[in-house]
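Colleague:
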Amino acid sequence: MGLSKESKLKDVMANPQAAAIIEEYVPGASKDPKFKLAAGLSLAQIVKMSGGQLSPELLEEVDAKLKALG
Numbered sequence: 054m055g056l057s058k059e060s061k062l063k064d065v066m067a068n069p070q071a072a073a074i075i076e077e078y079v080p081g082a083s084k085d086p087k088f089k090l091a092a093g094l095s096l097a098q099i100v101k102m103s104g105g106q107l108s109p110e111l112l113e114e115v116d117a118k119l120k121a122l123g
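Counting the sequence shown from 1 gives a position; our numbering is that position plus 53.
(1) Which one of Q70, S103, V79 has the shortest CA to CA distance from G123?
(2) Extract the residue ranges of the alpha helix (DSSP H) inside the region 77-115, only unbroken runs of 4 or more that lie entirely within it.
(3) Which whole-angstrom value is the C-beta distance of E59 and A121, which I expect to be below 8 angstroms?
(4) Is the Cβ-Cβ distance between A82 and I75 less than 8 angstroms?
(5) I need the straight-line Cα distance from E114 to P86, nearest angstrom please.
(6) Leaving out five residues on either side along the sequence, give the residues of the same chain with a beta carbon under 8 angstroms from the beta carbon of S95.
(7) Does the beta-carbon of A91 have 16 or more other beta-carbons within 10 angstroms, so that it is buried, or is it exposed?
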């Protein structure tokens, strides 16, 4: 199964190519304790809970790149 915005953060970060995409948009994400706490949440859920720090547009860009990984 491919990755998308509905994938859990832990699954995305377990894939080195996908983790690089997250790091591209959110530098330092892999080392941020908040991201580690959110490991069981989907990327879409994280964006909704980000209080505007992460935009829906960013989510769609990340989603497209994750889906392109196959």
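The C-beta atom is built at its ideal place from N, Cα and C for all residues, glycine as well.
Modeller: Taking the coordinates as given:
(1) In the sequence shown, the residue the question calls residue 123 occupies position 70. The option with the nearest alpha carbon to G123 is Q70.
(2) With a minimum length of 4 residues, the unbroken runs of alpha helix (DSSP H) contained wholly in the region 77-115 fall at 86-90, 96-102.
(3) Locating residue 59 in the sequence shown gives position 6, where the first residue counts as 1. Locating residue 121 in the sequence shown gives position 68, where the first residue counts as 1. About 15 angstroms separates the CB atoms of E59 and A121; that is not less than 8 angstroms, and the two are not in contact.
(4) The residue labelled residue 82 in the question sits at position 29 within the sequence shown. The residue labelled residue 75 in the question sits at position 22 within the sequence shown. Going by C-beta atoms, A82 is nearer than 8 angstroms to I75.
(5) As a working mapping, residue 114 is identified with position 61 in the sequence shown. As a working mapping, residue 86 is identified with position 33 in the sequence shown. Rounded to whole angstroms, E114 to P86 spans 24 angstroms at the Cα level.
(6) For the purposes of this step, residue 95 is taken as the residue at position 42 of the sequence shown. If we look at S95 and ignore the five residues flanking it on each side, its Cβ neighbours are K58, E59, S60, K61, L62.
(7) If you number the sequence shown from 1, residue 91 lands on position 38. Within a 10 Å sphere around the beta-carbon of A91 sit 16 or more other beta-carbons, which makes this residue buried.
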